[in-house]
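Student: Sharing a structure here in structure tokens format.
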Amino acid sequence: MSSVYEAVIGLEVHAQMLTRTKAFCSCSTAFGAPPNTQVCATCLGLPGALPVLNAEAVAMAVRTALALDCTIRSRSRFARKNYFYPDLPKGYQISQFDEPFSEHGSMVIDVGGETKTARITRVHMEEDAGKNLHDRGDRSIVDLNRSGVPLVEIVGEPDLRSGVEAAEYLRTLREVLMTLGVNDGNLEEGSFRCDANVSIRRVGQEKLGTRVELKNINSFRFVQKGIEHEIQRQEAVLSAGGTVVQETRGWDEKTGSTFCLRSKEEAQDYRYFPEPDLPELVLTDDFVARQRQSVGELPRAKRKRFVETLSITASASQVLTSHPKIAVFFEEAAKLHGDAGRVANFIQSEVLRDVSTRGLEADLPVSAAQVAALLRLVDQGTLSGKQAKDVYGKMVRTDKAPEVLVAELGLQQVSDVEAIEAVVSGVIAANPKQAEQLRAGKMGLFGFFVGQVMRETKGAANPGMVNGALKRLLEV
Amino acid sequence: MLSTVIAIAEQVRTGQRKAVEVAEESLRAIDTLDHELHAFLAVAAEPMIQQARLVDQARERGEPLGLLAGVPVAIKDAICTRGLVSTAGSKILSGYVPPYDATVITKLRAAGAVFPGKTNMDEFAMGSSNENSAYGPARNPWDCARVPGGSSGGSAVAVAARMAPAALGSDTGGSIRQPASLTGTVGVKPTYGRVSRFGLIAFASSLDQIGPFATDVRGAARVLSVIAGKDPRDATSLDVPVDDYEAACGKSIRGLRIGVPEEYFAQGLDPEVEASVRAAIASLEDDGCVVKPVKLPHTRYAVATYYVLATAEASSNLARFDGVRYGLRVREAHDDLRAMYGKTRDAGFGAEVKRRILLGTFVLSAGYYDAYYLKAQRVRTLLRRDFEAAFGDVDAICSPTSPTPAWKLGEKMADPLAMYLSDVYTLPASLAGIAAMSVPCAPTRGGLPVGLQIMAPALRESTCFSLAAAWEARLPTQLPPLGFER
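Residue numbers (my numbering), protein chains in the order written: chain A, 2 to 477; chain B, 841 to 1326.
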């Protein structure tokens, strides 16, 4: 981006809430069922059917708003957003419009070592539409399993200034939602979706430029690349003396560019009006207070606490809070073992290699107790660091305690002074030239001798004792 | 001839009559009369006999019977009945069989009621004469050249002609009270939220209420007591205990204060209707009621307010009839999705429904919303306050139900506004969400029924029933000239 223009970006995120049942009926929300098997009169929009609000969805949406520092309105209304589409069975979506249940929030993000506060316009809840499938030749079919799944919509103010900031905003928001247990953070399955409003203006100019709505940016990479491309495109238009047209554009990953989906003239008039089938949504102080209590510690606070009270590095803290299950795993192991720094290092270097996450679920290869016990064996001198890694390898996906594996594998660290001295003597005798050079002051060769001793003992020798024996026998 | 709801239920309960005999009598009346009256869009002969048989078997086993055991209740076609076609009088739902029962149907079944069939109505309840039915109008049994009123015309006719002692209708702006008035039957529009709307094919959600028609006040009271109450499937239904409406029918009305609003006796009121209604009010005064004038100053805005709000909601409620999942789809090669929607809805909806969808779409459109929808909402609040103020002084308000008796078929079809004005006295109670009913008073010299409207504060249906029952006791029951044996 040139220094003449500045980008102005606001994101709208739709996240499916992890309720057991749909927003306005009692159908299951489970993903992956055969098409049109999780439907009823209400979510099919059958004549005469009525919506009844899911209290669990309200609780989750309110927790989200509270986590984003929003002001909660004690009374709000649902509204109908009217448009025709085959995946929208009632011909309208139940949403909130001019009276959302929360507004005026904010979220702190970290970009390039700096922190930035992005304002949140509003958080409200609405229902998802079904899915049109166009892969059946000349026919399109509709799957309404998703129809009526509750969504929380988070509308951000246009406070972001680059594709990188937008991607970071999205990552941070996703982490918050996952920590709250509200959303599984799954971009691929579409349970976490994002649209971006992008405009540019001359640096120093107050007035916003004409904005373009960007759709289909369903990965962090696409968000960043799509927005960056769109900024460049708008800049090129303005630099050439043209004007940016208000429109909706999509991101095409294949061509690496955005393309027009529909112009302003084709934009729909959604004819919002209050939903007469649902009474006002009343959130009592007591209800809001209970939700506030259950918000718990958010990722940013957790990172700070890990650094400040557990004394691990900022980068380790970042890695260990990247998924709620990993953070829990780390804290538990650190508590059991006592040395958070060593636990953090071991998890980062060994455990994370074998972790796979799917949404809110994380498949951890060992238990926190196993890690703590393993590191304790190192502390006691039973295992060397290298042996510990080998034992860990055997521990993965078994529930055997490390002590059991050590016995089974016959891996005990050699901490017998005489035995170690015998090996050291042998190594010195076998390498007289190097021993001479070392004695003459070439200290770099010390590591060579340690390595030779370790090789002889297959890593079992207590490293501290090896050092001591070498120094004594070489008289250095 | 079929007797009243309460008499039939009592006869069946005590074993004086078999439910199957009652059902057969209902079917015979339909068979004799309905080719001319066209009250029914579908007759459910076999299912009804089956229902009646179950009632008789239950009695033989000594099981306790419900409040409506063996009572035939005709059902407006806008109310979903599992396994029975429910079209709401529209071609777009031609042949549509709901997979579930409306809550009112579940409750009627549990009380032992049997269903002779689905009754004729103006398409999607939009109309005041039944002439907007896609399947041809029902006719008034008092004069087959005349309309029975609407939109619940078929239910009113079924009861007036004694094809059933009771029926369910739905009232959005007068759709129960006005046809009750025009056919000489009792019709109740309960307080908004008193009866579950789950399973009622929606016209205007903030106004729609299901209510009973019956040949007499006590019959209506019993049916309402069965269908009323909180429903977890309708978030707008009220969680308030249901009064004993039948007991209210026997209660003294001495000392009850009745308000008479001058705005309801204004220009356009047929003098014979006025005389009949004033005579009924005078009779109530003779029975010890205190009659006094009340003011409902915003009444003249009710028609305009109603046609903004009801059409706005209807434009959205009827969006689901798109040919995608059920009902009519025009099956031809379409250029695109819009063409499929357009052709399907053009073929499926009648002229009045289209007019209201267009009107409703317009008043919700960007740039017009504030001037129409929002303003109408504010006027609705003023209308509600009119009633609140008036009910500070009186227990009930009495007025004509309809400004005229039944008119000739075709008379108002070319003039929608004249048709809309026929609801001028019923719309305010709908907009205010209060309780209201129509009960027959003395017919015109030409022998056409006239209805007295009794309005009461929200949830005070009992007051309506007390007054209606007292008045009914003063008025010999009138029967339409259909050659019934007396």
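For each residue, glycine too, the CB sits at the ideal point set by N, CA and C.
1. Between B/Arg-1285, B/Arg-1165, B/Ala-1144 and B/Ala-950, which has its C-alpha nearest A/Leu-1's C-alpha?
2. Restricting to Cα atoms, I'd like to know which of A/Tyr-6, A/Glu-419 and A/Glu-214 is closest to A/Gly-205.
3. Exposed or buried, B/Glu-1325, counting other C-beta atoms within 10 Å across all chains shown (16 or more means buried)?
4. Could you check the C-alpha separation between B/Pro-1321 and B/Ala-1000 for me, to the nearest Å?
5. Are there three or more Cβ pairs, one per stretch, closer than 8 angstroms when the region 90-98 of chain A is compared with the region 42-61 of chain A?
6. Any residues in the region 29-52 of chain A with a beta carbon nearer than 8 angstroms to a beta carbon of chain B? Which ones, in chain order?
7. For the region 875-912 of chain B, which segments carrying the beta strand (DSSP E) assignment without a break, of at least 3 residues, lie completely within its bounds, in sequence order?
8. Step through the CB atoms of chain B and report whether any lies within less than 8 angstroms of the CB of A/Leu-134.
9. Could you tell me the alpha carbon to alpha carbon distance between A/Met-396 and A/Pro-403, rounded to whole angstroms?
10. Taking the beta strand (DSSP E) that A/Asp-144 falls in, what are its first and last residues?
11. Within the same chain, show all residues whose beta-carbon is closer than 6 angstroms to that of B/Ser-1021, passing over the 5 residues directly before and after it, in chain order.
12. Give me the Cα-Cα distance between B/Asp-962 and A/Val-143, rounded to the nearest whole angstrom.
13. Could you check the C-alpha separation between B/Lys-1194 and A/Leu-284 for me, to the nearest Å?
14. Which residues, in order along the region 82-110 of chain A, keep a beta-carbon less than 7 angstroms from a beta-carbon of chain B?
15. Taking DSSP as the reference, what is the three-state secondary structure of B/Leu-1261?
16. Taking only beta carbons into account, state which residues of the region 1153-1167 of chain B come closer than 9 angstroms to chain A, listed in chain order.
17. Taking just the CA atoms, how far does B/Leu-1136 sit from B/Val-1026?
18. Since A/Leu-51 is in the alpha helix (DSSP H), which residue starts that stretch and which ends it?
19. Strictly below 9 angstroms CB to CB, what residues from chain A border B/Arg-1037?
20. Whose Cβ in chain A lies nearer than 9 angstroms to the Cβ of B/Leu-933?
21. Tell me whether B/Arg-1326 sits in a helix, a strand or coil according to DSSP, three-state version.
22. On a CA-only basis, which of B/Cys-984, B/Ala-1236 and B/Arg-1034 is nearest B/Ser-969? Give me that one, please.
23. May I ask you to list, following chain order, the residues of the region 1064-1076 of chain B that have a beta carbon less than 8 angstroms from some beta carbon of chain A?
24. With a CB to CB cut of under 7 angstroms and the five nearest residues on each side skipped, what residues in its chain are close to A/Gln-225?
25. Suppose the cutoff is 7 angstroms on Cβ atoms and the five residues either side in sequence are ignored; what does the same chain contact list for A/Val-428 look like?
26. Please list, in chain order, all residues of the same chain as B/Glu-876 whose beta carbon is under 8 angstroms from its beta carbon, the five residues on each side excluded.
27. DSSP state of B/Arg-986, grouped into three classes?
28. For the candidate residues A/Pro-101, A/Glu-104 and A/Ala-130, whose alpha-carbon lies nearest to that of A/Lys-23?
29. With a threshold of 8 angstroms between beta-carbons, can B/Ala-1254 be considered close to chain A, or not?
30. Under three-state DSSP, which class holds B/Thr-1244?
31. If you follow the beta strand (DSSP E) that A/Val-199 is part of, which residue opens it and which one closes it?
32. So, at 8 angstroms on beta carbons, what are the nonlocal neighbours of B/Thr-844 in its own chain, with the 5 sequence-adjacent residues on each side left out?
33. May I have the straight-line CA-CA distance separating A/Thr-1 from A/Val-109, to the nearest angstrom?
34. Check A/Pro-464 in the structure and name its three-state DSSP category.
35. Using 8 angstroms for Cβ pairs, my map puts A/Arg-194 next to A/His-338. What's the rounded Cβ distance?
36. With B/Ala-965 and B/Ser-991 assumed to form a contact (beta carbons below 8 angstroms), what rounded beta-carbon distance in angstroms separates them?
Tutor: Answer, in terms of the structure:
1. Given a span of 2 to 477 for chain A in the structure shown, any question on residue 1 of chain A remains unanswerable.
2. Stepping through the first sequence from its first residue, residue 205 of chain A is reached at position 204. Looking at the Cα atoms, A/Tyr-6 is the closest of the given residues.
3. Here residue 1325 of chain B is taken as the residue at index 485 of the second sequence, counted from 1. Only weak support exists for where B/Glu-1325 lies, its pLDDT of 46 falling under 50; the value from the coordinates is given anyway. By the 10 Å Cβ count, B/Glu-1325 comes out exposed.
4. Position 481 of the second sequence holds residue 1321 of chain B. Position 160 of the second sequence holds residue 1000 of chain B. Straight-line measurement puts the Cα of B/Ala-1000 at about 10 angstroms from the Cα of B/Pro-1321.
5. Segments in contact, yes.
6. Ala-42, Leu-45, Gly-46, Leu-47, Pro-48, Gly-49, Ala-50, Leu-51 and Pro-52
7. The qualifying runs are 880-883.
8. Counted from its first residue, the first sequence places residue 134 of chain A at position 133. A/Leu-134 does not count as touching chain B.
9. Here residue 396 of chain A refers to the residue found at position 395 when the first sequence is read from its first residue. Here residue 403 of chain A refers to the residue found at position 402 when the first sequence is read from its first residue. Answer to the nearest angstrom: the Cα atoms are 7 angstroms apart.
10. Position 143 of the first sequence, counted from the first residue, corresponds to residue 144 of chain A. Start and end: 140-144.
11. One-based indexing of the second sequence puts residue 1021 of chain B at position 181. Closer than 6 angstroms at Cβ, skipping near neighbours: Thr-1241, Ser-1242, Ser-1278 and Gly-1291.
12. Within the second sequence, residue 962 of chain B is the residue found at index 122, counting from 1. Within the first sequence, residue 143 of chain A is the residue found at index 142, counting from 1. When rounded, the distance between both Cα atoms is 32 angstroms.
13. Translated into the one-based positions of the second sequence, residue 1194 of chain B becomes position 354. Translated into the one-based positions of the first sequence, residue 284 of chain A becomes position 283. In this model, B/Lys-1194 and A/Leu-284 are separated by some 39 angstroms (Cα to Cα).
14. Contact annotation: in the region 82-110 of chain A, residues whose CB is within less than 7 angstroms of a CB in chain B are Asn-83, Phe-85, Pro-87, Pro-90, Lys-91, Gly-92 and Tyr-93.
15. Sequence index remark: in the second sequence, residue 1261 of chain B carries index 421 (1-based). Helix, per DSSP.
16. Glu-1153, Ser-1155, Ser-1156, Asn-1157, Leu-1158, Ala-1159, Arg-1160, Phe-1161, Asp-1162, Val-1164, Arg-1165, Tyr-1166 and Gly-1167
17. Stepping through the second sequence from its first residue, residue 1026 of chain B is reached at position 186. Stepping through the second sequence from its first residue, residue 1136 of chain B is reached at position 296. When rounded, the separation of the alpha-carbon atoms in B/Val-1026 and B/Leu-1136 is 25 angstroms.
18. The count along the first sequence starts at 1 and reaches residue 51 of chain A at position 50. Note, A/Leu-51: premise wrong, no alpha helix (DSSP H); not H, not E.
19. The residue given as residue 1037 of chain B occupies position 197 in the second sequence. Neighbourhood of B/Arg-1037 in chain A, by CB distance below 9 angstroms: Gly-49, Leu-51 and Asp-278, in chain order.
20. Taking the first residue of the second sequence as 1, we reach residue 933 of chain B at position 93. Correct list: Pro-48.
21. By one-based count along the second sequence, residue 1326 of chain B stands at place 486. The predicted model places B/Arg-1326 with a pLDDT of 37, which falls under 50 and marks its position as unreliable, so this point remains unresolved.
22. Within the second sequence, residue 969 of chain B is the residue found at index 129, counting from 1. Of B/Cys-984, B/Ala-1236 and B/Arg-1034, the residue nearest in Cα terms is B/Cys-984.
23. Pro-1072, Arg-1073, Asp-1074, Ala-1075 and Thr-1076
24. As a first step, residue 225 of chain A must be located in the first sequence, where it is residue number 224. Gly-164, Val-165, Ala-167 and Ala-168.
25. Along the first sequence, one-based indexing puts residue 428 of chain A at 427. Result list for A/Val-428: Phe-450, Gln-453, Val-454 and Glu-457, in chain order.
26. One-based indexing of the second sequence puts residue 876 of chain B at position 36. Correct list, in chain order: Arg-979 and Cys-984.
27. Here the question's residue 986 of chain B lines up with position 146 in the second sequence. Strand.
28. For the purposes of this step, residue 23 of chain A is taken as the residue at position 22 of the first sequence. Selected option, being the one with the closest Cα: A/Ala-130.
29. Stepping through the second sequence from its first residue, residue 1254 of chain B is reached at position 414. For B/Ala-1254, the answer is no, since every Cβ of chain A falls outside 8 angstroms of its Cβ.
30. Counting from 1 along the second sequence, the entry for residue 1244 of chain B is found at position 404. DSSP places B/Thr-1244 in coil when its eight states are reduced to three.
31. On the first sequence, residue 199 of chain A is found 198 positions in, with the first residue counted as 1. Counting along the chain, the beta strand (DSSP E) containing A/Val-199 begins and ends at 193-203.
32. Along the second sequence, read from residue 1 onward, the residue named residue 844 of chain B stands at position 4. Pro-1005, Ala-1054, Thr-1055, Asp-1056, Arg-1058 and Gly-1059, listed in sequence order.
33. Residue 1 of chain A is absent from the model: chain A starts at 2 and stops at 477.
34. On the first sequence, position 463 is the one that residue 464 of chain A refers to. Correct three-state label for A/Pro-464: helix.
35. Within the first sequence, residue 194 of chain A is the residue found at index 193, counting from 1. Within the first sequence, residue 338 of chain A is the residue found at index 337, counting from 1. No, A/Arg-194 and A/His-338 are not in contact; Cβ-Cβ is about 40 angstroms, not under 8 angstroms.
36. In the second sequence, counting from the first residue as 1, residue 965 of chain B sits at position 125. In the second sequence, counting from the first residue as 1, residue 991 of chain B sits at position 151. About 4 angstroms; that satisfies the 8 angstroms criterion.
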